[in-house]
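Below: one structure, written as structure tokens.
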Amino acid sequence: MRYLYTLLFISLFIVKVNAQNISNEGTEFWLCFPAHSPAGTLNNPDLANLSVFITSKSNTSGVVSCGSFSQSFTVTANQVTEVILPRNISYIGDGTFTSINKGIKVLIDDGQPKAVVYGHVFAGARSAATLVLPKLALGQKYFAISYDQSLSTQGSQSQFNIVCVEPNTKINITPRLDGVIQPTFSITLINIGDVYQYQNDSDISGSYIEVDASNSSCKRFAAFSGSSALGILSLGCRPPGGSGNGANISYDPLFQQLYPLESWGKTFPLIPFFDRNTGTIYRVMASENNTTINIDGVTKVLNRGEFYTTPPTNTISLVTADKPVTVTQYAITQYCADSRNRGSNSRPSDPDMVILNPLEYSIKDVTMYSALKQDIRDQFLNVVIPNTGVASFAINGVSYSNRFSAIPGNPDYSYAQINLRQIGGTSFNLKSEVAFNAMAYGFGDFESYAYSAGTNLASSIFINAVRPATNEIITNACRDEVFDFRLVLPYISTKLIWTLESGDASITQEGANLNPTPININGKLLFEYRLPVNKIYTQVGTKQIKIISTIPPTAGGCPSGDEILNFEFEVYDPPPFATFLAQSSACLNNPVKFSLNAINGNRPVISYFWDFGDGTTSTDKEPVHNFTSEGIKTVSLSVKNDVACVSNVYQLPINILKQPQASFAIANTSCSQTAIQFTDQSILNNNSPIYAWDFGDGTSSTDKNPVHIYQKSGDYIIKLVLKTEANCESTYQLSKKIFDSPTADFVDPNACARDNIIFKAINTSSDVVSYEWDFGNGSTSVGKETPPYQFANPGTYVISLKVSSSNGCDYTVKKTIQINSSNPIAGFSVINKDNLCSNQPVQFQDNSSVQIGKIVKLEWIFEYTNGESNTKESYILPAKDSIYTHKYPSTKETTNYQVTLRAYSGNDCYEDFGPISITVKGSPEVAFSPLAGICIDKPKITINQAKEITGINGGGVFTGKGISEDGIFDPVAAGLGKHVITYTFTADNGCNDIKQQEIEVFPLPTVNAGEDVTILIGGQTTFKAIATGNQLTYQWLPSTGLNDATLLNPIASPSETTLYTLIVTSNDGCTISDKVNVNVATKPTIPNTFTPNGDGNNDTWNILYLDSYVNARMTIFNRFGNEVFTSTGYAIPWDGRFNGKDVPIGVYYYIIDTKVEGKKFTGSVTVIR
1 MRYLYTLLFI SLFIVKVNAQ NISNEGTEFW LCFPAHSPAG TLNNPDLANL SVFITSKSNT
61 SGVVSCGSFS QSFTVTANQV TEVILPRNIS YIGDGTFTSI NKGIKVLIDD GQPKAVVYGH
121 VFAGARSAAT LVLPKLALGQ KYFAISYDQS LSTQGSQSQF NIVCVEPNTK INITPRLDGV
181 IQPTFSITLI NIGDVYQYQN DSDISGSYIE VDASNSSCKR FAAFSGSSAL GILSLGCRPP
241 GGSGNGANIS YDPLFQQLYP LESWGKTFPL IPFFDRNTGT IYRVMASENN TTINIDGVTK
301 VLNRGEFYTT PPTNTISLVT ADKPVTVTQY AITQYCADSR NRGSNSRPSD PDMVILNPLE
361 YSIKDVTMYS ALKQDIRDQF LNVVIPNTGV ASFAINGVSY SNRFSAIPGN PDYSYAQINL
421 RQIGGTSFNL KSEVAFNAMA YGFGDFESYA YSAGTNLASS IFINAVRPAT NEIITNACRD
481 EVFDFRLVLP YISTKLIWTL ESGDASITQE GANLNPTPIN INGKLLFEYR LPVNKIYTQV
541 GTKQIKIIST IPPTAGGCPS GDEILNFEFE VYDPPPFATF LAQSSACLNN PVKFSLNAIN
601 GNRPVISYFW DFGDGTTSTD KEPVHNFTSE GIKTVSLSVK NDVACVSNVY QLPINILKQP
661 QASFAIANTS CSQTAIQFTD QSILNNNSPI YAWDFGDGTS STDKNPVHIY QKSGDYIIKL
721 VLKTEANCES TYQLSKKIFD SPTADFVDPN ACARDNIIFK AINTSSDVVS YEWDFGNGST
781 SVGKETPPYQ FANPGTYVIS LKVSSSNGCD YTVKKTIQIN SSNPIAGFSV INKDNLCSNQ
841 PVQFQDNSSV QIGKIVKLEW IFEYTNGESN TKESYILPAK DSIYTHKYPS TKETTNYQVT
901 LRAYSGNDCY EDFGPISITV KGSPEVAFSP LAGICIDKPK ITINQAKEIT GINGGGVFTG
961 KGISEDGIFD PVAAGLGKHV ITYTFTADNG CNDIKQQEIE VFPLPTVNAG EDVTILIGGQ
1021 TTFKAIATGN QLTYQWLPST GLNDATLLNP IASPSETTLY TLIVTSNDGC TISDKVNVNV
1081 ATKPTIPNTF TPNGDGNNDT WNILYLDSYV NARMTIFNRF GNEVFTSTGY AIPWDGRFNG
1141 KDVPIGVYYY IIDTKVEGKK FTGSVTVIR
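Per full-length UniProt numbering, residue 1 is the first one in the sequence shown, and the count goes up by one each step.
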């Protein structure tokens, strides 16, 4: 026997899980063309065909054969080749029987790359497709899967098919019909390519199919199941036409290749079909008794072959089980698949099923086919991937990472639903650095298909390469590296002859050299053989391994003799150096960050190995490490890529330094507000330290020996952080108690030479025990808090006060003061003296002066009366030549006032100026009341709200936008918005008064009553008026025939032609109007023909004004009396279609019930194309 297998290398941890994986790519495939119930009628059936679609990541070639049919094919990389099988040779037909030589074989030519194969049954209103598994992935035990067969058509039945791939294969079959187990029976398939088909009116899901262990224990077979046709409804959905097979029930065959039990799993993604709001149905089947499943919040316990079927759901989640299960996903009959399909069929669908792949058997790279047959208009792809792989997921080399969303409740996984029609084509390469699951599906009008986009599977014959030094089972071979080999077989071989590369001498193992090791994978006994050969491949590329295994004669129907096993695998270049960055030196016990600098090469790196040169290692991508011993450490890095090739080692030395020791001393000073010296006493490990002082009071320093002043007393922690080369750091701290320094102050007496001054210490602290004064001229005073003193001469003196506290702290305050001359000169002037008005403040400018020093106080009397008590206004330390104001009583009478000023240069030194007489004129007084707003279309108005109220002689004028001097306001000239109006009244004496008010000009609303309309008598129309403005109100005149004359758009149903006027009023009282005419016609004009041929002319049956009968019921019948169109109202005219398809040309009959008494119309209309 001769087989072609694929060499797959896996890393060591994968050996610990269940079975060895292979993918759906292969070189030999078997499928069949099962029975199907065609669309159409019994006399005119629409018979289906079967196409085999073949695609590959590489250029390849092969042969498709079935019976006497044979056709060669070629495949261009990432393209699809279709081979249509002759129906008369390949179709099996209805019934339960064995078909001779009906198996369809796809065989890739020797030495050609592997391919992916799909089988697709198609015809009008019929479509079903399956991913086809390679022979290497076939098994010995299967459970059939179908669905409830109660909705059948033309005798359609639930079914499964068995394809013989090894001669004389005996198979035991235990049917399960509608969940009830039937007696077991056996069949024997004599020839390779024979096909056994089983059919029944009941659902055959759970039927068990296995090889007879006593006769065919080493043999495998391909199994398919489904239905020749059925309908799948959702709960509560009953299409029109009866409770059973309604006219709107669509049927389709179900067709899927079954996965052997060893390829079942425990975790499956549940992603519904895209945008079908009824949801998706799932069925979970158990392979072992007492299997617990969790699905969409439901927990079930199933026995072997039992299944749980969900109601339709749109929930996105995962199904989990404690033992291997299989999950099937079902599409629903079109009418029930989406609530939007009730009449419009806007979301196409049809019954279909797809067997899902578990997350345990995901795949990283696959080229898949997305079918367009038969009349498929929607193509989609569901993808589930761990979050770590989202960023790298691509279709045809283009990233689609932005299409993914997290699976609710399962934050480790994300999903995407991708519209393949938007990408274009039928062949798609899916690739990611992390393995994913994918399902392809498509829908057309009453058409559907769905199948796995690709998967990894279990196998019992496989080979691995092994790294001898570590016993690591690797992903792929790597150039210039040493390998041994490991072969797993389902039997004990007596001799193995290995050829590891074309041109190599063969290596023979037999007898004691074989030494097989029994292993258990998924409960299956297998045998492991090792070849310790130290093989080195020096060239990259696809290599061939040929093994001839001698099988001894055994019982149970296993073959004997030599079995030829051909394996192919890739040899890759190892990745180049992976360089990294780190600091050249570091401090003992400090974390060191290692950052990748560059990793060249075109394959992703998946693991890292760091050796830090101190006996420790890490597998982190960018580790952080603490070194615990000093000295030069050589850090090494090597990386492994996704095909298990390891780079050479990159090394970098790092100098690990000792920690410095920080220390310092503090001067013996303990007073606040006093400079304190800090002295560094640290021990360093280099000559470039960095100092960071923290004085405990929120301040810091970077000096080596800083000086610091504390502002207040307290207990302080002084900390020094010393940093040296490589961020080596040491901290040292001391505590220090600081006492408050005493406080004191005194004020400038602002005195003259004639004053006897009393100096007084103020704001002193309670612990002051002594005072020392220095008067700046050689005179001092000791011990007194408030000493008296008189200066002999005016001038500038520096006065100091020193106080001492009980804890020995001192404080000195110094101030420079001016002793002024004793003879100041007072004086002032009146600004604008001849034009003083009573309604305006009067301004006086100080002109006082002193020979030495400054004026320290001014006293003003602005309304001086001789011999009476006068009100004084005092100003301390006035600025020279300052201006002072005083407001006299506002009156229309002119009044005279007396003003005096006294200027001080000290306490006892002053001079008076005045009294000086001034004249203040009488002033007018204007009253201006608020102004009401005005609409812009109003005529000019006179503003009379402003007037002078005292009776003083004079005249007034208006100013502002849109107003004349005499008060005529024009809203058009002013424009929209708010405007300030100013009224100025000037008395004959020149004094005036000014007042302002604001007036607003309001905009008019806008209105358009709409186009004139025509309605039928008894009909109605809703006005389409448009108005804009501020809080509008509406009034229609006349109100006859209107449902509400105060609405912007009332419903109008006049009994005769009427001209309506719409008056619109804004909240500001501005109004505007417009008119619309409603013409009333007596009856509709009903065309008797139309031509819906898509040329844009007369494509719909348009009846003028019929839409004014909003409750009218339109019904159109064909010549058999069947309804082809109904509507309430006639907003959308009939386009000559029924259920989305053109009606035949001919005469159709209508009834128009307007719901108005006496207005019912009947007749016929002819459809012409």
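Don't be surprised by glycine CBs; every beta carbon is placed ideally from N, CA and C. All figures in this text were calculated on a predicted structure; none of them were measured in a lab.
Report all residues from its chain with a CB closer than 7 Å to the CB of residue i; omit the five preceding and five following residues, and keep chain order.
i       : result
Phe828  : Phe844, Gln845, Asp846, Asn847, Leu901 and Phe913
Trp773  : Phe759, Thr780, Ser781, Pro787 and Leu801
Pro1005 : Ala1027, Thr1028, Gly1029, Leu1032, Val1064, Ser1066, Cys1070 and Ile1072
Thr310  : Ile281, Tyr282, Ile295 and Asp296
Leu684  : Pro660 and Thr724
Can you list, in chain order, the residues of its chain with a C-beta nearer than 6 Å to that of residue i? Leave out the 5 residues immediately preceding and following it.
i       : result
Gln677  : Ala667 and Val707
Val390  : Ser401, Phe404 and Ser414
Asn989  : Lys921
Thr1154 : Tyr1109 and Ala1112
Gln818  : Thr796 and Gly853
Asn429  : Asn78, Thr367 and Asn396
His886  : Val842 and Phe862
Ala555  : Low confidence applies here, because Ala555 scores a pLDDT of 40, under 50, leaving its location unreliable; read the following figure in that light. Taken in chain order, the list of residues that qualify is empty.
Hey, residue i and residue j are a contact pair by Cβ (cut 8 Å); roughly how many whole angstroms apart?
i            : j       : result
Ile936       : Val980  : The Cβ separation is near 18 Å, so there is no contact.
residue 1170 : Thr894  : What is shown of the chain runs 1 to 1169, which leaves residue 1170 out entirely.
Gly226       : Ser146  : 6 Å
Phe224       : Cys32   : 6 Å
Cys336       : Leu233  : 5 Å
Leu131       : Ser427  : 14 Å between Cβ atoms; not a contact.
Ala903       : Ile855  : 5 Å
Asp1074      : Ala1009 : 4 Å
Within 10 angstroms of its Cβ, does residue i collect 16 or more other Cβ (buried), or is it exposed?
i       : result
Tyr1087 : The amino acid at residue 1087 is misidentified as Tyr; the sequence shows Pro. Flag for Pro1087 reads exposed.
Asp338  : buried
Leu1104 : exposed
Pro999  : A quick correction: the sequence has Ile, not Pro, at residue 999. The residue in question, Ile999, is buried, as its Cβ has 16 or more Cβ neighbours within 10 Å.
Asp966  : exposed
Leu976  : exposed
Ala469  : exposed
Ser584  : exposed
Ser432  : buried
Arg1169 : exposed
Asp322  : exposed
Thr1166 : exposed
Glu563  : buried
Please confirm whether any heavy atom of the ligand COA lies closer than 7 Å to the CB of residue i.
i      : result
Gly951 : As far as ligands go, the structure on display features none, and thus does not contain the ligand COA.
Closer than 8 Å by C-beta to residue i: which residues in its own chain qualify, once you throw out the five before and the five after it? Chain order, please.
i     : result
Ser92 : This sequence places Ile at residue 92; Ser is not what is there. Correct list, in chain order: Cys32, Phe33, Pro34, Ala35, Ser99, Lys102, Asn161, Val195 and Gln197.
Completely contained beta strand (DSSP E) runs for the segment 835 to 881, where each covers 3 or more residues: 842 to 846, 857 to 861 and 873 to 876
Contiguous alpha helix (DSSP H) assignments of at least 4 residues, all confined to the segment 20 to 100: 87 to 90
4-residue-minimum alpha helix (DSSP H) runs that sit fully inside the segment 683 to 713, ordered along the chain: none
Segments of 3+ residues assigned as beta strand (DSSP E) that fall wholly inside the UniProt domain "PKD" (575 to 644): Entirely contained in the UniProt domain "PKD" (575 to 644), the beta strand (DSSP E) runs reaching 3 residues are, in chain order, 578 to 581, 585 to 587, 591 to 593, 595 to 599, 605 to 611, 624 to 626 and 631 to 641.
Inside the segment 741 to 792 only - beta strand (DSSP E) runs reaching at least 3 residues: Correct list: 768 to 774 and 780 to 782.
Cβ pair count under 8 Å reaching 3, the segment 727 to 747 against the segment 755 to 770: yes
The segment 703 to 717 in contact with the segment 642 to 658 per 3-pair CB rule at 8 Å: no
Ranges of the beta strand (DSSP E) found wholly within the segment 235 to 280, counting only runs of at least 3: 252 to 257 and 265 to 270
Contact the segment 862 to 875 vs the segment 946 to 956: 3+ CB pairs below 8 Å: no
Three-pair Cβ contact test at 8 Å for the segment 118 to 128 versus the segment 198 to 216: When Cβ pairs closer than 8 Å are counted between the two stretches, the segment 118 to 128 is seen not to touch the segment 198 to 216, the count staying below three.
Inside the segment 281 to 348 only - alpha helix (DSSP H) runs reaching at least 4 residues: 334 to 337
Inter-stretch contact at 8 Å, needing at least 3 Cβ pairs: the segment 591 to 598 / the segment 616 to 632: yes
Contact the segment 627 to 646 vs the segment 694 to 710: 3+ CB pairs below 8 Å: no
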